[in-house]
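Going down the list, the protein sequences come from chains A and B. Under our numbering, the residue at position 152 of the first sequence is numbered 152, and the numbers go up by one with no gaps. Under our numbering, the residue at position 83 of the second sequence is numbered 1083, and the numbers go up by one with no gaps.
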Amino acid sequence: MSPKTLYDKIWDAHVVHEAEDGTCLLYIDRHLVHEVTSPQAFEGLRMTGRKVRAPDKTIAVPDHNVPTTPGRENPDQMPEESRIQVAALDQNARDFGIHYYPVSDIRQGIVHIVGPEQGWTLPGMTVVCGDSHTATHGAFGALAHGIGTSEVEHVLATQTLIQKKSKNMKVEITGKLRPGVTAKDITLSVIGATGTAGGTGYVIEYCGEAIRDLSMEGRMTVCNMAIEGGARAGLIAPDEKTFAYVNGRPHAPKGAQWEAAMTWWKTLRSDDDAHWDKVVTLKGEDISPVVTWGTSPEDVLPITGVVPAPEDFKGGKVEAARRSLDYMGLTPGQKLTDIEIDTVFIGSCTNGRIEDLRAAAEIVKGKKIKVKRAMVVPGSGLVRAQAEEEGLADIFKEAGFEWRLAGCSMCLAMNPDQLAPGERCAATSNRNFEGRQGYKGRTHLMSPAMAAAAALTGHLTDVRRITG
Amino acid sequence: MEKFEKLTGIAAPLPLVNIDTDMIIPKQFLKTIKRSGLGVNLFDEMRYDRDGNEVPDFVLNKPQYRQAQIIVAGDNFGCGSSREHAPWALKDFGIKAVISTSFADIFFNNCFKNGILPIVLPQEAVDVLMKDSEKGSNARMIVDLEAQTVTSSDGEVFHFEVDSFKKHCLLNGLDDIGLTMEKAAAIDTFEAQASQARPWV
Ligand code: SF4
């Protein structure tokens, strides 16, 4: 048999039908659903009299719109339109008999945090969701990607997706990371190197010592942003860390099924002589703590750098950089560490897990914030509970952070958590697009530790100067 | 879905790279539970000021582009979120084709599900068509999906590639779900085999 990549292996195990031109019908093992991209899909089913084909493989949770302030079970807390969307999801989950974690359930949270936490995401699976950051689940060696609402409807009705195979890209991070450098810095640095369109047409497999050394949570951070590099999905081959993470989760296999699953899961790695259409290699030692300066995730620089000038770029990027700098209110040559911050947001499906909160709490412990507003929004109710048990919540509150309930919150600002025009935010989320965190709001992306450092000083800060 | 007919229309230039889905349709408009009515909010934050007045400089606000059916854009159009609201808004405005050197993957797929044709052409071709689109309503571009060509107002013809299955569906206005439902037996067989091989799924 010819050598295969991990992507090839998962793909092959899920092809239901292949047409002559290579268009495939791919079976979907897990379908995650949230309130924003699903109402029209359920509506479509109703209009055509179709059912959900595999309700036991379909899991829904409201996250994008929900308020993250106490008392939110009271629907009056929500703006009318958000309330309608959440109510529609409640209704659809009930009518179609799918798994559901309502706002009142402690397991509710951001869909990409809930899936792995509950053991819905397992190695070798195909996972889709009407959300581009579905790539997160690739950390388990699952083929996971975002789909549009028409495709949500297609998966609901048929449990399959019409797909053509992407190309294989290997992204290798060799060696060790330096102190203060995290999974977020890896994933931003990769995008900085390849550009936001660099992965278009590819599925990425991340590998190398620095990736192996990451925890499962760090790996989720890396895969989460594969989409920001344009890739359809990001994958990491499962290993002992993966199995240990999965073992014992509510929906993970048990007993004899666990053994059978392990037998297959252990084969889920790219063969040594597998073919790659593109290879990108970064040295772990060369990666610094980074921040973004512009309005595209590819606008990445080490925190020790200065704001670039439009002339530093080529082609269409010159005009884009000019527009970015204008939008961000920055001057070429300005030191990144001189950029003042008034808001800090720690959360999102990129960095809203317990290790992220621990990393941020370690920096702020016993200190006070110097920004106008700082908030921590745990990625799920369970992350929140654990952080409270570990005393992290108290550390944040004493430092002056708001301690919120689980949801997407200021990652995309669909709920009331928004930046005012001109406000500048150090954020652990994944998109710095214009208006993403609020009309005319300005976003700098970074790791939780770096965001915590910025909260303490009131400007972008090299976390290594705080930790020494 | 509507069939994609041969199109002769005005093209609007948007010479920016990385036009993301947040620009195409900002999130405050994602709260709808319908597919229609998003056209007025297409490119909302570029098109209107805070008080809801039109920004006169924005291309789609200029009289000569109000009837545009084609957009010519910079690299990596549609990057960002999976929101199908982006193609819904384009379609509702009246856009039927977008021309660029590259598109983000999910957006690209979403277009086909909504009868919009995303056309990938090399940089030189996009440059020519970008110039052509600057002529406004004096010029008409022709998009012929059957022949896989775009013709500039000067008669210059550019051939583009398109996936044969997607082309077939678009030309005939076929609904994917209906097509897949015809393969229900194959899905049943697959499911039966998979539940033996991977019973934990
Ligand atoms: S946290 Fe942000 S990126 Fe993640 S699913 Fe929510 S809105 Fe999307």
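Ideal placement from N, C-alpha and C gives every residue a C-beta, glycine not left out. Predicted model, so just to flag it, every value in this text is computed and none were measured.
Are the CB atoms of B/Ala1089 and B/Ile1025 within a distance shorter than 8 Å?
Here residue 1025 of chain B corresponds to residue number 25 of the second sequence, with the count starting at 1. Here residue 1089 of chain B corresponds to residue number 89 of the second sequence, with the count starting at 1. Taking 8 Å as the cut-off, the Cβ atoms of B/Ile1025 and B/Ala1089 count as close.
So, helix, strand or coil for B/Pro1118, using DSSP?
For the purposes of this step, residue 1118 of chain B is taken as residue 118 along the second sequence, with counting starting at 1. DSSP places B/Pro1118 in the strand class (E or B) of the three-state scheme.
Could you check whether B/Arg1083 and A/Thr37 sit closer than 8 Å to each other, using their CB atoms as the reference points?
Here residue 37 of chain A is taken as the residue at index 37 of the first sequence, counted from 1. Here residue 1083 of chain B is taken as the residue at index 83 of the second sequence, counted from 1. Contact flag set, yes.
Is the stretch 413 to 431 of chain A in contact with the stretch 140 to 160 of chain A, if contact means three or more CB pairs nearer than 8 Å?
These segments do not touch.
Check the Cβ-Cβ distances between B/Gly1074 and every residue of chain A, and say whether any is below 8 Å.
Against the second sequence, residue 1074 of chain B aligns to sequence position 74. Residue contact check for B/Gly1074 against chain A: a CB pair falls below 8 Å.
Nearest-angstrom Cα distance between A/Gly180 and A/Ser288?
Here residue 180 of chain A refers to the residue found at position 180 when the first sequence is read from its first residue. Here residue 288 of chain A refers to the residue found at position 288 when the first sequence is read from its first residue. Going from the Cα of A/Gly180 to the Cα of A/Ser288 covers about 8 Å.
Checking 8 Å against the spacing of the C-beta atoms, do B/Asp1175 and B/Met1001 come in under that value?
For the purposes of this step, residue 1175 of chain B is taken as residue 175 along the second sequence, with counting starting at 1. For the purposes of this step, residue 1001 of chain B is taken as residue 1 along the second sequence, with counting starting at 1. Yes. Within cutoff.
Out of A/Asn65, A/Lys266, A/Asn74 and A/Ile106, point me to the one whose CA is closest to A/Gln386's CA.
Residue mapping note: residue 386 of chain A aligns to position 386 of the first sequence, counting from 1. For the residues A/Asn65, A/Lys266, A/Asn74 and A/Ile106, the minimum Cα distance to A/Gln386 belongs to A/Ile106.
Taking B/Ser1164 as the query, report the chain A residues whose CB atoms sit under 7 Å from its CB, ordered along the chain.
Taking the second sequence and counting its residues from 1, the one referred to as residue 1164 of chain B is at position 164. Those are Asp21, listed as they occur along chain A.
What does A/Glu340 pair with, by DSSP beta-bridge criteria?
Looking up residue 340 of chain A in the first sequence gives position 340. Residue pairing by DSSP puts A/Glu340 in a beta bridge opposite A/His459.
Which residue spans inside the stretch 100 to 173 of chain A form an unbroken alpha helix (DSSP H) run of at least 4?
Whole alpha helix (DSSP H) segments, 4+ residues: 111 to 117 and 149 to 158.
Neighbour flag for B/Lys1183 against chain A, beta carbons, 8 Å
One-based indexing of the second sequence puts residue 1183 of chain B at position 183. It does; some Cβ of chain A falls within 8 Å.
Do you know how far the Cα of A/Pro123 is from the Cα of A/Ala472?
Residue 472 of chain A falls outside the range modelled here, since chain A spans only 1 to 468, and no answer is possible.
Tell me, which residues are paired with B/Met1141 by DSSP?
Here residue 1141 of chain B refers to the residue found at position 141 of the second sequence. Answer is B/Gly1009.
Closer than 7 Å: is that where the CB of A/Cys411 sits relative to any heavy atom of the ligand SF4?
What you label residue 411 of chain A is simply residue 411 of the first sequence in a count that begins at 1. Yes, the Cβ of A/Cys411 comes within 7 Å of a heavy atom of the ligand SF4.
Environment of B/Pro1013 [buried if 16+ CB atoms lie within 10 Å]:
Along the second sequence, read from residue 1 onward, the residue named residue 1013 of chain B stands at position 13. Label assigned to B/Pro1013: buried.
How far does the alpha helix (DSSP H) with B/Phe1165 in it reach, from first residue to last?
One-based indexing of the second sequence puts residue 1165 of chain B at position 165. Residue range Ser1164 to Asn1172 is occupied by the alpha helix (DSSP H) that includes B/Phe1165.
Residues bridged to B/His1159 (per DSSP)
Within the second sequence, residue 1159 of chain B is the residue found at index 159, counting from 1. B/His1159 is bridged to B/Thr1149.
Neighbouring residues, chain B, relative to A/Ser82 (Cβ below 9 Å):
The residue labelled residue 82 of chain A in the question sits at position 82 within the first sequence. Close partners of A/Ser82 in chain B (Cβ separation under 9 Å): Lys1031.
Would you say B/Ala1104 lies against chain A (beta-carbon separation less than 8 Å)?
The residue labelled residue 1104 of chain B in the question sits at position 104 within the second sequence. In terms of beta-carbon proximity, B/Ala1104 lines the interface with chain A, with at least one pair separated by less than 8 Å.
Any chance the CB of A/Ser82 is under 7 Å from a heavy atom of the ligand SF4?
For the purposes of this step, residue 82 of chain A is taken as the residue at position 82 of the first sequence. Not under cutoff, so the answer is no.
By the 10 Å Cβ neighbour count, where 16 or more other Cβ atoms means buried, how is B/Gly1178 classified, buried or exposed?
As a position in the second sequence, residue 1178 of chain B is number 178, starting the count at 1. Around the CB of B/Gly1178, fewer than 16 other CB atoms lie within 10 Å, so the residue is classed as exposed.
Kindly list, in the order they appear in chain A, the residues whose Cβ is closer than 8 Å to that of B/Ala1186.
On the second sequence, residue 1186 of chain B is found 186 positions in, with the first residue counted as 1. Those are Val16, His17 and Leu25, listed as they occur along chain A.
May I ask which residues mark the beginning and end of the alpha helix (DSSP H) holding A/Leu89?
As a working note, residue 89 of chain A is residue 89 in the first sequence. Here the alpha helix (DSSP H) through A/Leu89 covers Glu80 to Phe96.
How about the stretch 1046 to 1058 of chain B and the stretch 291 to 307 of chain A: do they share at least three Cβ pairs that are nearer than 8 Å?
Under the Cβ criterion (8 Å, minimum of three pairs), the stretch 1046 to 1058 of chain B does not count as touching the stretch 291 to 307 of chain A.
Just verifying my parser: in three-state terms, what is the DSSP assignment at B/Asp1020?
Locating residue 1020 of chain B in the second sequence gives position 20, where the first residue counts as 1. When secondary structure is reduced to three states using DSSP, B/Asp1020 falls in the strand class.
Cβ of B/Asp1020 within 8 Å of any chain A Cβ
Sequence index remark: in the second sequence, residue 1020 of chain B carries index 20 (1-based). Residue-level contact by beta carbon holds for B/Asp1020 and chain A, with a gap shorter than 8 Å.
Taking only the alpha-carbon atoms, compute the straight-line gap between B/Asn1109 and A/Leu330 and give it to the nearest angstrom.
Residue numbering aside, residue 1109 of chain B sits at position 109 when the second sequence is read from its first letter. Residue numbering aside, residue 330 of chain A sits at position 330 when the first sequence is read from its first letter. CA-CA distance, B/Asn1109 to A/Leu330, rounds to 36 Å.
Can the beta-carbon of B/Val1201 be found closer than 8 Å to that of A/Asp56?
As a first step, residue 1201 of chain B is located in the second sequence; it is residue number 201 there, counting from the start. As a first step, residue 56 of chain A is located in the first sequence; it is residue number 56 there, counting from the start. Their beta carbons are not under 8 Å apart, which means B/Val1201 does not touch A/Asp56 by this criterion.
Could I get the ranges of all uninterrupted alpha helix (DSSP H) runs contained in the stretch 1017 to 1064 of chain B, with 4 residues as the minimum, in chain order?
Entirely contained in the stretch 1017 to 1064 of chain B, the alpha helix (DSSP H) runs reaching 4 residues are, in chain order, 1021 to 1024 and 1044 to 1047.
Please identify the residue among A/Ile303, A/Asn430 and A/Leu445 whose C-alpha is closest to the C-alpha of A/Ala135.
Taking the first sequence and counting its residues from 1, one reaches residue 135 of chain A at position 135. Checking every option, the nearest Cα to that of A/Ala135 belongs to A/Asn430.
Taking contact to mean 3 or more Cβ pairs, one atom from each stretch, closer than 8 Å, check whether the stretch 268 to 277 of chain A and the stretch 157 to 164 of chain A are in contact.
Flag = no, the stretch 268 to 277 of chain A and the stretch 157 to 164 of chain A do not touch.
Just to make sure I have the definition right: I need the residues of chain B whose C-beta is within less than 7 Å of the C-beta of A/Phe345. Which are they?
The residue given as residue 345 of chain A occupies position 345 in the first sequence. In chain order: nothing, as chain B lies at least about 15 Å away.
Pick out whichever of A/Lys254, A/Leu89, A/Asp21 and A/His133 has its Cα sitting closest to the Cα of A/Gly119.
Taking the first residue of the first sequence as position 1, residue 119 of chain A is located at position 119. Cα-wise, what sits closest to A/Gly119 is A/Lys254.
I'd like to check one pair, A/Ile341 with A/Met425: are the Cβ atoms closer than 8 Å?
Walking along the first sequence from the start, residue 425 of chain A turns up at place 425. Walking along the first sequence from the start, residue 341 of chain A turns up at place 341. Residue 425 of chain A is actually Cys in this sequence, not Met. Yes.
For B/Phe1004, go through chain A and note every residue whose CB falls closer than 7 Å to its CB, in chain order.
As a working note, residue 1004 of chain B is residue 4 in the second sequence. Contacts between B/Phe1004 and chain A, judged by CB atoms closer than 7 Å, are missing: the closest CB pair is about 15 Å apart.
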